[in-house]
Amino acid sequence: MLNGNLKQTTVRQLFSRIAAMGAGLAALASVSNAETFTATDVSFRDVTGTIEVKTTSGDEIDVEIRQGKTYRQITVEEKDGLVIITGERWKEDDGTDCCNTRINRQFIPRDGRELTTGEPLDEGMFADYPTIEISVPYEGNVEFVDARIKLAMERLGGALKLDACYVYGETSDVDEAVIGVVHGSRLVMGSVKSGLEIDVSGDADVRVADASMVDVDIAGPGDVVLGDIDGMLDVSIAGSGLVRATRVDGPMTARIAGSGAVLVKAGHADKLKAIVDGSGGVFFGGRVTQPDLRLNGSAEVRMDSVNGRINRSGSGSVFVGGEKVAK
4 MLNGNLKQTT VRQLFSRIAA MGAGLAALAS VSNAETFTAT DVSFRDVTGT
54 IEVKTTSGDE IDVEIRQGKT YRQITVEEKD GLVIITGERW KEDDGTDCCN
104 TRINRQFIPR DGRELTTGEP LDEGMFADYP TIEISVPYEG NVEFVDARIK
154 LAMERLGGAL KLDACYVYGE TSDVDEAVIG VVHGSRLVMG SVKSGLEIDV
204 SGDADVRVAD ASMVDVDIAG PGDVVLGDID GMLDVSIAGS GLVRATRVDG
254 PMTARIAGSG AVLVKAGHAD KLKAIVDGSG GVFFGGRVTQ PDLRLNGSAE
304 VRMDSVNGRI NRSGSGSVFV GGEKVAK
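Counting from 1 along the sequence shown, just add 3 to a position and that's the residue number in the numbering used here.
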């Protein structure tokens, strides 16, 4: 039988060992590793975590991984000049690709056309996952496939591709971009020098500065806000999505099924084509040349001024300079 002092000593030793084991596990969870590769492009696949992308004038890619509260398997390899960073597949996927069905063209009505700001960031979730700091050449390309990420990226002279299931964060200017985000995402971008494609599913929010050519596709109540566009704007909306632009100088096409809307504050649409089925609308606060309008339901098109003949069909309403145009 243990006496009182021996019992206390034994208990203290036991708790000391447990504390030491806990410290060891915490150290393991926070372990970091760094590698350097001679490459220009990087691809993140099935990665969940915080991603910080910095750009350099060099020709190497530096990768540093710091584990979160829970250890997660991350592999890094280089193949033919491409650095591939791979995480764990989503547990809730049941072996399927989470992004295969993300654009389903399902009509999701939303009262009004107020701008969303996406869902609040789940900081707690990201604390459990790794933080990956990566330095890439300025002219390199950065790709994300099937990712859940909190993103911060510096100015990039190459292309950014986001084929992701969830993105929350911001990027600086890029040369070109293909952006695919889903419900709850919120992404703020700088200017895009050349082509920009945006694919939004669900209640997500994408904001971009200026661009030269933009193609937007929204399924649901997503929001896209754009700056000045010196070139083509092509928009397709299924649902109550909203696209806003400060200015467009170039041809513009809008296809809307539902209550979605496209609003352009100023500019010159040298050719405007609008196909609206439902209660959606196209509003162009500038000059339009030869508009081609196919409006069904209670669809509406408003233009500040028009050059040339208005070609229209359907039951929708057309306004020029605030005055309704008779059929």
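Using N, Cα and C, we set each Cβ at its ideal position, and we do this for glycine too. Note that the structure is predicted; figures quoted are calculated from it, not measured.
I'd like to confirm the pairing. Which residues does DSSP put opposite residue i in its beta bridges?
| i | result |
| --- | --- |
| H271 | D252 and R290 |
| I68 | N36 and I135 |
| K327 | F322 |
| A277 | A257 and L296 |
| E81 | V86 |
| D220 | D202 and S239 |
| E126 | Bridge partners of E126: none, in fact. |
| S46 | I87 and E146 |
| T53 | T134 and K153 |
| G284 | A264 and E303 |
In three-state DSSP terms, what is residue i?
| i | result |
| --- | --- |
| A241 | strand |
| L165 | strand |
| E91 | coil |
| G311 | coil |
| G317 | strand |
| E303 | strand |
| F110 | Because F110 sits at a pLDDT of 32, beneath the cut-off of 50, its placement in the model cannot be relied upon, and the point is left open. |
| R75 | coil |
| G234 | coil |
| G115 | Because G115 carries a pLDDT of 43, less than 50, the predicted location of this residue cannot be relied on, and no value is offered for it. |
| M24 | Note on M24: pLDDT 48, under 50, position unreliable in the model; the coordinate value appears next. In this structure, M24 counts as helix in the three-state DSSP scheme. |
| T58 | strand |
| V228 | strand |
| L31 | With a pLDDT of 44 at L31, under the threshold of 50, the modelled position of that residue is not reliable, and the figure given next carries that caveat. DSSP places L31 in helix when its eight states are reduced to three. |
| D208 | strand |
| C102 | Low confidence applies to C102: its pLDDT is 43, below 50, so where it sits in the model is not reliable enough to give any reading. |
Take residue i as the anchor and find which of the options has the nearest alpha-carbon.
| i | options | result |
| --- | --- | --- |
| R297 | V291, G225 and V279 | V279 |
| S197 | M216, S204 and T134 | M216 |
| I77 | G61, T53 and K330 | T53 |
| K330 | R315, D233 and K164 | R315 |
| G230 | V219, R250, I259 and P224 | R250 |
| N299 | M306, C168, A260 and I135 | A260 |
| P294 | P133, D166 and A257 | A257 |
| L154 | D202, K57, I313 and S320 | K57 |
| G234 | G253, G311 and E55 | G253 |
| Q70 | D62, P133 and E91 | P133 |
| I240 | S204, L275 and I232 | S204 |
| R325 | E303, G317, G311 and R312 | According to the sequence as given, residue 325 is Gly; it is not Arg. Ranking E303, G317, G311 and R312 by Cα distance to G325 puts E303 first. |
| G223 | V211, S243, R210 and G311 | S243 |
| E38 | V50, V79 and K72 | V79 |
| S138 | G317, D62, V219 and V227 | D62 |
| V184 | V209, G284 and I88 | V209 |
| E91 | S318, K164, D49 and A212 | D49 |
| N308 | G317, S301 and V328 | Reading off the sequence shown, one finds Ser at residue 308, where the question assumed Asn. Answer by Cα proximity: V328. |
| G263 | R247, G283 and G319 | G283 |
| Y74 | I221, L165 and N36 | N36 |
#### Entry: Segments of 3+ residues assigned as beta strand (DSSP E) that fall wholly inside the segment 128 to 205
134 to 140, 145 to 148, 151 to 156, 159 to 166, 169 to 174, 177 to 184, 189 to 191 and 195 to 204
### Query
With a cut-off of 8 Å, do at least 3 Cβ pairs link the segment 75 to 88 to the segment 163 to 181?
no
### Task
Indicate whether the contact test is met: 3 or more Cβ pairs, each with one atom in the segment 289 to 307 and one in the segment 268 to 278, closer than 8 Å.
Yes: at least three Cβ pairs fall under 8 Å.
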